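Trainee:
Protein chains: 2
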Amino acid sequence: MNSKILDGKKLAKKIREEIAQKVIHLKNEKAIIPGIAVIILGEDPASHTYVNMKEKACKEVGFYSEIHRLQNSTKEEELLKLIEQLNHNEKIHGILVQLPLPDHINENIINAHISPFKDVDGFHPSNLGKLFLGQPSFVSCTPKGIIKLLKYYGVEIRGKHAVVIGRSNIVGKPIATLLLNEDATVTLCHSKTRDLAQYTQQADIIVSAVGKAHLINHKMIKREAIIIDAGMNRLNGSLVGDIDFHDVIEKVKLITPVPGGVGPMTITMLLENTLEAALRS
Amino acid sequence: MNSKILDGKKLAKKIREEIAQKVIHLKNEKAIIPGIAVIILGEDPASHTYVNMKEKACKEVGFYSEIHRLQNSTKEEELLKLIEQLNHNEKIHGILVQLPLPDHINENIINAHISPFKDVDGFHPSNLGKLFLGQPSFVSCTPKGIIKLLKYYGVEIRGKHAVVIGRSNIVGKPIATLLLNEDATVTLCHSKTRDLAQYTQQADIIVSAVGKAHLINHKMIKREAIIIDAGMNRLNGSLVGDIDFHDVIEKVKLITPVPGGVGPMTITMLLENTLEAALRS
């Protein structure tokens, strides 16, 4: 069974060690320390947990980081002003606004205001446009991490039928684009898809990013499928993905566990994007 | 058989008449005349034919238009300078660079240099990013025209399985995105797809934008499929699409002819985008 696991935790650790080495080098050779600014509004516990994980990861690899903890009532124009300052701050190479934002703030405006050169989350329209065009750009972290994981384990993507479930701007749409850029034939399914199983049963590679516990079971996949589970759901007190792991494990060729699959790769790609931004600066 | 035709020529004529009315109104009410600048390099006869068609269409609806016919040897920096001038020219609301460009000019740099507000072809990365995000933007003309045609004929897109063949930045990828935004389940096939028929046979809607004469025959489609043929190919001296029209006509529900289907819609959407740019200005 272990040989079927796409071990994101292990690969993330390896990449983080490499990043830490590069940071030492960058510091010694060019006196540059990659710096990241994280902005968080309000008191949502899950968001704070994520931000703390990001801060910890930054410290581990030797980045400079600063967390801007703002009140939920912060006005959009104040947030834009802070972003503007960070856009011009030479110590900062990556800017990250923790989602979700409160309702009175327009996420699109915020994302488009971050300098495309510091957009380490890959949410700026011009970075998404470049992704779409297949040009080099900052790619959002979860999709980028998924591709790294597939490649690390030698999964051939070219010519394969990849079925992506979920069309979020953060995961579903960009991973579909990346898989297409890797020459997969790609089907994008979502809440309006009729008879989801009809599509998943044909997939060589499935990426699920929906947020529904155990949406996919063994009847919905073909034998030897490769499965990426980007879902994170609470079920009876434990953390599970969109895939019913124990139900499908016998049938699959490779699968990411939850936790320990896609999750650790996401933060690692944030580190990689920030390092890249620092190198380009 | 006629009831099966998605008549792009007819719809294009109707929309152009409406645009001409709006232009008169805009001129009388706000003293604005929508203006377009077309840039063409070199002597490629097909490109000149397209440009002449665009110029004629602009005249018909009362637009101001200017054609910049440059030598094939024009340097990239000269072209960028001209675009810069046009970006600041108040008479010009839409800028269009006729493709293909000569090899010594980087198309990506040119497309990204046109002001996103005058990018009536929808090729600027930030407009593509907005399309990707489902935000309002200039959408490239062929995909926009295809959606108009489907809607005009009352084709329900939501929940349908749409199979797009071809992944160009100009047609394949944006039409896949638009169909997704209209709630279709979308599969994108291309040159690396294995067993194309396996996908096309399942499609409720097929959009082909490959440029291979008669790529699709009746064996490759299901009964009552709706087919959009964005191909334009020469075969034995006549203009044909990617679909073998006469071979599939019995089996389909609706189909665009070539010529007279997608083609007339493309230029019409260029007019619509330019009008929109003028209204926004």
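Protein chains in written order, with the working numbering: chain D, 630 to 910; chain W, 630 to 910.
All C-beta atoms in this analysis are idealised placements derived from N, C-alpha and C, irrespective of residue type, glycine included.
In this text, all values refer to a predicted model and were calculated from it rather than measured experimentally.
Could you give the DSSP three-state label for W:D824: helix, strand or coil?
Mentor: Note: W:D824 maps to coil in three-state DSSP.
Trainee: Alpha carbons only, please: which of D:K633, D:E658, D:S702, D:Q727 is nearest the one belonging to D:T678?
Mentor: Of the listed residues, the one whose Cα sits closest to D:T678 is D:Q727.
Trainee: Is the shortest distance between the beta-carbon of W:T895 and the beta-carbons of chain D less than 8 Å?
Mentor: Output row for W:T895: interface = no.
Trainee: Might you give, ordered along the chain, the residues of its own chain that have their beta carbon closer than 6 Å to the beta carbon of D:M894, omitting 5 neighbours on each side?
Mentor: Correct list, in chain order: G637, A641, G774, L778.
Trainee: Closer than 9 Å, Cβ to any Cβ of chain W: which residues of the segment 755-773 of chain D, in chain order?
Mentor: Of all residues in the segment 755-773 of chain D, S755, N756, L757, G758, K759, L760, F761, L762, G763, Q764, S766 have a Cβ within less than 9 Å of some Cβ in chain W.
Trainee: Give a yes or no on whether 8 Å exceeds the smallest Cβ distance from W:T829 to chain D.
Mentor: So no, W:T829 is outside the interface.
Trainee: Does W:N681 get closer than 8 Å to chain D when you measure Cβ to Cβ?
Mentor: It does not; no Cβ of chain D falls within 8 Å.
Trainee: Can you name the start and end residues of the beta strand (DSSP E) that D:D873 belongs to?
Mentor: Premise fails: D:D873 is in no beta strand (DSSP E) and is neither H nor E.
Trainee: Among the candidates W:N718, W:K802, W:G664, whose CA atom is the shortest distance from the CA of W:L757?
Mentor: Here the closest residue by C-alpha is W:K802.
Trainee: Using DSSP bridges, identify the partner residues of D:L864.
Mentor: The partner list for D:L864 (beta bridge, DSSP) reads D:S867.
Trainee: Within 8 Å (strictly less), CB to CB, does W:V749 reach chain D?
Mentor: Cβ-Cβ to chain D under 8 Å: no for W:V749.
Trainee: For W:C687, which beta-bridge partners are listed by DSSP?
Mentor: For W:C687, which the question treats as bridged, DSSP gives no partner whatsoever.
Trainee: Any C-beta of chain W sitting closer than 8 Å to the C-beta of D:C818?
Mentor: Cβ-Cβ to chain W under 8 Å: yes for D:C818.
Trainee: Could you spell out the range, first to last residue, of the beta strand (DSSP E) harbouring W:S694?
Mentor: Taken as a continuous stretch (DSSP letters only), the beta strand (DSSP E) holding W:S694 covers 693-699.
Trainee: Does D:I743 come out as helix, strand or coil in the three-state DSSP assignment?
Mentor: If DSSP states are grouped into helix, strand and coil, D:I743 belongs with coil.
Trainee: Taking buried to mean at least 16 other C-beta atoms within 10 Å of its own C-beta, is D:H819 buried or exposed?
Mentor: Its Cβ being crowded by 16 or more others within 10 Å, D:H819 is buried.
Trainee: Is W:H790 helix, strand or coil when you go by DSSP?
Mentor: Reduced to three states, the DSSP call for W:H790 is strand.
Trainee: Take D:V792 as the anchor and find which of D:N735, D:T822, D:I653 has the nearest alpha-carbon.
Mentor: That would be D:T822, whose Cα lies nearest to the Cα of D:V792.
Trainee: Verify the CB distance criterion: does D:V784 have a CB-CB separation below 8 Å to chain W?
Mentor: Not one chain W Cβ lies under 8 Å of D:V784.
Trainee: Is W:F746 near the ligand ATP, in the sense that its beta carbon is under 7 Å from a heavy atom of that ligand?
Mentor: Of ligands this structure carries none, so the ligand ATP is not represented either.
Trainee: Report the start-end ranges of each beta strand (DSSP E) in the segment 650-685 of chain D that is 3 residues or longer and not cut off at the edges.
Mentor: Segments of the beta strand (DSSP E) lying fully in the segment 650-685 of chain D: 664-670.
Trainee: Run through DSSP, which three-state label would D:S632 get?
Mentor: It is helical.
Trainee: Whole angstroms are fine: how far does the CA of D:I786 sit from the CA of D:K780?
Mentor: Looking at the two C-alpha atoms, the distance is approximately 8 Å.
Trainee: Report yes or no: do the segment 745-761 of chain D and the segment 758-767 of chain W share at least 3 C-beta pairs separated by less than 8 Å?
Mentor: Short answer: they touch.
Trainee: So if DSSP puts W:V887 in a beta bridge, which residue, or which two residues, is it bridged to?
Mentor: Partner(s): none; W:V887 has no beta bridge.
Trainee: Should the segment 880-900 of chain D be regarded as contacting the segment 840-860 of chain D, the criterion being three or more beta carbon pairs within less than 8 Å?
Mentor: As far as the Cβ criterion goes, the segment 880-900 of chain D touches the segment 840-860 of chain D, which means the pair count is three or higher.
Trainee: Label W:P772 either buried or exposed according to how many other C-beta atoms from any shown protein chain fall within 10 Å of its C-beta, with 16 as the threshold for buried.
Mentor: W:P772 should be labelled buried.
Trainee: With burial defined as no fewer than 16 other Cβ atoms inside 10 Å of the residue's Cβ, what is the status of W:K747: buried or exposed?
Mentor: Buried, since its Cβ has 16 or more Cβ neighbours within 10 Å.
Trainee: Hey, does D:D812 have any beta-carbon neighbour from chain W nearer than 8 Å?
Mentor: So, interface residue.
Trainee: Pull the bridge partners of W:L778 from the DSSP assignment, please.
Mentor: BP columns for W:L778 are empty, so no partner.
Trainee: Given that a residue counts as buried once 16 or more other Cβ atoms are within 10 Å of its Cβ, and exposed if not, what is D:D871?
Mentor: Buried is the call here.
Trainee: Whose Cβ in chain W lies nearer than 8 Å to the Cβ of D:G788?
Mentor: K821, T822, R823, listed in chain order.
Trainee: Of the choices W:V839, W:A666, W:N737, whose alpha-carbon is the least far from that of W:A906?
Mentor: The shortest Cα separation from W:A906 among W:V839, W:A666, W:N737 belongs to W:A666.
Trainee: Would D:R863 count as contacting chain W if we go by Cβ distances under 8 Å?
Mentor: No, because no Cβ of chain W sits closer than 8 Å to the Cβ of D:R863.
Trainee: Output, in sequence order along the chain, the residues in the segment 794-806 of chain W whose CB is closer than 9 Å to any CB in chain D.
Mentor: Here the close residues are R796, N798, K802, P803, A805, T806.
Trainee: Out of D:L709, D:K720, D:N716, which one is the CA nearest neighbour of D:N735?
Mentor: Answer by Cα proximity: D:L709.
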